[in-house]
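This report refers to the structure that appears directly beneath it.
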Amino acid sequence: MNTDVEDLLREGMERFTADLRAPAGMARRAVRRRRRRLALRSGAAVTAALTAGAVVLAATGVPGTGHDGIDTTAYVVTRVDGALSVAGPGQIAQMTVTTTRSAALPGGTAVTTTAEEWSYGSQWRSVTYSPAGHPVYDEGFNPASAYTLVSYQTRTWARQSGLGRPAAAVSLVPGPFRCGPVVAALPLLFQPGLPAFQPRVPDIGFPASSGPATVATAVRNAIACGTLAVAGRQRVDGMEAIELTSRPDSPISETIWVSPGTYLPVRVVVRFPPGLPGGQQTVNITWLPPTAQNLAQLTVPIPAGFRQVPLAQALRPILQQILGGLLPRFPTGPPLGPFGLGPKSTGW
Amino acid sequence: MAAGRSAAELERFLAERADHLLATAVLLAGSRDAGEDLLQTAVERLLRRWRRFDGDPEGYLRRTLCNLAIDGRRRAGRWRQKEGLLRAGLRQTPDPAGDVDLRDALVRLLVQLPVRQRAVLVLRYWEQLTDAETAAVLGCPEGTVKSAGSRGLTRLRELADDWNDTTAMSGRNGQRS
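Residue numbers (our numbering), protein chains in the order written: chain L, 1 to 348; chain U, 1001 to 1177.
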């Protein structure tokens, strides 16, 4: 008997594996299983129905699993919508908004401002900084304390109830206007306030929009319009992200990057066409759990020594700056009220 | 979007090399089902980085298979069940035909070895890698590969000797009866 174990082992391995054939479609199966796992992971907070849907989708291998394994728009949009439907009411969206307005006239200078914003249910807060980085004003809405505005330039603050309405009570863009040409020209995320829900600010004449929706609702509406398509994947702040961008026939370039793990938006960029004026707005979004510490960010602090004044008095100098182009906001046009005075202009 | 490899390329690569890699996986895992699971998991890991993958996919999959097999604590329970079945199979009376059965038995005995010894023997005698290449795949010093391989072969020789003794005894008993 041959006692050379090494040769016998080698021959035994060949015999043992001689009839093995790898199953076909391992790569496709890997794509489907990965998607299913990601869907389940992102759906840790998602409903069982969504998870079941993901499994069904994965099993049938139709949406989102193109032959090349590239994310399809329908699949991504479905996932984003599902993730936002959960994150919208459950998590705080913390945003850094950078707005750059290109020079209105040749030889002029571009202006860039930033704002820190938080959105949680019907609550929101926005702190707008000057191009030099100093806080200009801090505004926020809370169903309990109403609208609060702090002007750092005049060292005044104002609070008024009766302005604004809970986000859940209104849709961002009602009815037939939702996806019409106006929306195509003005991305939903940066839609100005809703005329139908704008009471007038006493003594100032400008309407007050209502902080009509959470950022989650805004993005859901934006992607539901069908003007965005998956353009591929990119790295955003070192993390891989799926890029959804405006279709070529859209008059304004809008791009949303979503996390492939959670399908929540992590960055939004809108480029406005040149003239009157053109510019760009970039929103970086972080989704935070509603801890006490994070919820505290939604409260507008009143700095010591600031004087309470009527809302109109606190608003006027801010509006003058906006109208004078010192604080860029989009889209162009007259300010629409205290909600969304800043770069976001949507009242998220 | 950065240009990268498509999933279709991965399919083509697997069409060429998946059979061989499945064999490696089966030898590492001990059964066809477990081997397919192992390879499928490795393919998924490759897929994660496929678009920007810039290397030898077969080497990556081989290394992943070994890592998955070694880092298989979660599968330990199932593995022990399989091991029991394999041991049960070895308790059957061997066919005195000799080498053929011994070859099969050695493979079944192989899966009873500690997983690192098993991986070394699979890489050395199935993948026909050198000690240095095996060490690179397993991410350990070459000396570790040599000692693990030596211990594994020693264990197989002991088992083979037992097998030979059992076979001889069975043969004698057969002659008596």
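The beta carbon of each residue, even a glycine, is placed where N, CA and C say it ideally should be.
Residues of its chain near residue i, where Cβ-Cβ distance is below 8 Å and the 5 sequence neighbours each way are ignored
| i | result |
| --- | --- |
| U:Gln1117 | Ala1148, Gly1149, Arg1151, Gly1152 and Arg1155 |
| L:Met13 | none |
| U:Leu1106 | Leu1156, Leu1159 and Ala1160 |
| L:Asp81 | Arg220, Ile223 and Ala224 |
| L:Leu298 | Ile92, Trp118, Tyr120, Gln123, Trp124, Arg125, Gly140 and Asn142 |
Three-state class that DSSP yields for residue i in the structure shown
| i | result |
| --- | --- |
| U:Ala1136 | helix |
| U:Gln1040 | helix |
| L:Gln321 | helix |
| L:Tyr152 | coil |
| L:Tyr263 | coil |
| U:Ser1147 | helix |
| U:Arg1128 | According to the sequence as given, residue 1128 of chain U is Gln; it is not Arg. Coil, per DSSP. |
| L:Ser85 | helix |
| L:Thr72 | coil |
| L:Ala18 | coil |
| U:Pro1114 | coil |
| L:Asp138 | strand |
| L:Ala132 | coil |
| L:Gly121 | coil |
| L:Thr227 | coil |
| U:Arg1078 | With a pLDDT of 49 at U:Arg1078, under the threshold of 50, the modelled position of this residue cannot be trusted; read the value that follows with caution. U:Arg1078 falls in the helix class under three-state DSSP. |
| U:Ala1025 | helix |
| L:Ala158 | strand |
| U:Arg1045 | helix |
| U:Gly1059 | helix |
| U:Gly1152 | helix |
| L:Ala45 | Low confidence applies to L:Ala45: its pLDDT is 44, below 50, so where it sits in the model is not reliable enough to give any reading. |
| L:Gly12 | helix |
| L:Ala146 | strand |
| L:Ala115 | strand |
| U:Trp1163 | helix |
Burial state of residue i (16 or more Cβ within 10 Å)
| i | result |
| --- | --- |
| L:Arg235 | exposed |
| U:Arg1124 | buried |
| L:Met95 | buried |
| L:Glu117 | buried |
| L:Ile318 | buried |
| L:Val5 | buried |
| L:Pro143 | exposed |
| U:Glu1158 | exposed |
| L:Ile302 | exposed |
| L:Ser122 | buried |
| U:Gly1055 | exposed |
| U:Glu1011 | buried |
| L:Pro265 | buried |
| U:Asp1104 | buried |
| L:Gln281 | buried |
| L:Thr291 | exposed |
| U:Leu1113 | buried |
| L:Arg34 | buried |
| L:Arg79 | buried |
| L:Arg307 | exposed |
Expected contact under 8 Å - CB spacing of residue i and residue j to nearest Å
| i | j | result |
| --- | --- | --- |
| L:Thr156 | L:Val309 | 4 Å |
| U:Val1026 | L:Met26 | Their Cβ separation, rounded to whole angstroms, is 14 Å, which puts U:Val1026 and L:Met26 out of contact at 8 Å. |
| U:Ala1069 | U:Leu1038 | 6 Å |
| L:Gln153 | L:Val136 | 6 Å |
| U:Leu1065 | U:Leu1046 | Wrong, their Cβ atoms sit about 11 Å apart, outside the cutoff. |
| L:Ala216 | L:Ala87 | 6 Å |
| U:Leu1014 | U:Glu1036 | With a Cβ gap of about 13 Å, U:Leu1014 and U:Glu1036 do not count as contacting. |
Contacting residues, own chain, Cβ-Cβ under 6 Å from residue i (five flanking each side not counted)
| i | result |
| --- | --- |
| U:Ala1132 | Glu1142 |
| L:Asn294 | Ile92 and Leu288 |
| L:Asp138 | Val127, Val150 and Val300 |
| U:Val1145 | Val1120, Asp1131, Thr1134 and Ala1135 |
| L:Gly140 | Arg125, Thr148 and Val300 |
| L:Gly279 | Thr100, Arg101, Ser102 and Phe272 |
| U:Arg1017 | Glu1058 |
| U:Leu1129 | Leu1123 |
| L:Ser130 | Val136 |
| L:Asn284 | Thr96 and Arg267 |
| U:Trp1050 | Arg1005 and Leu1010 |
| L:Ala314 | Leu149, Ser151, Thr156 and Ala158 |
| L:Ser253 | Ser246 and Arg271 |
| L:Trp257 | Val236, Ala241, Glu243, Val266 and Arg267 |
Residue i Cβ short of 8 Å to the ligand MN heavy atom set
| i | result |
| --- | --- |
| L:Thr78 | The ligand MN is absent from the structure shown, which contains no ligand whatsoever. |
Residue i: contacting residues in chain A (beta-carbon distance under 8 Å)
| i | result |
| --- | --- |
| U:Tyr1125 | The structure shown contains no chain A; the protein chains it does contain are L and U. |
Close beta carbons around residue i, own chain, < 7 Å, minus the five adjacent residues each side
| i | result |
| --- | --- |
| U:Thr1041 | Leu1068 |
| L:Ala296 | none |
Next item on the list: Output the residue ranges of the beta strand (DSSP E) runs that lie fully inside the stretch 269-316 of chain L and measure 3 residues or longer, sorted by chain position.
Entry: 279-288
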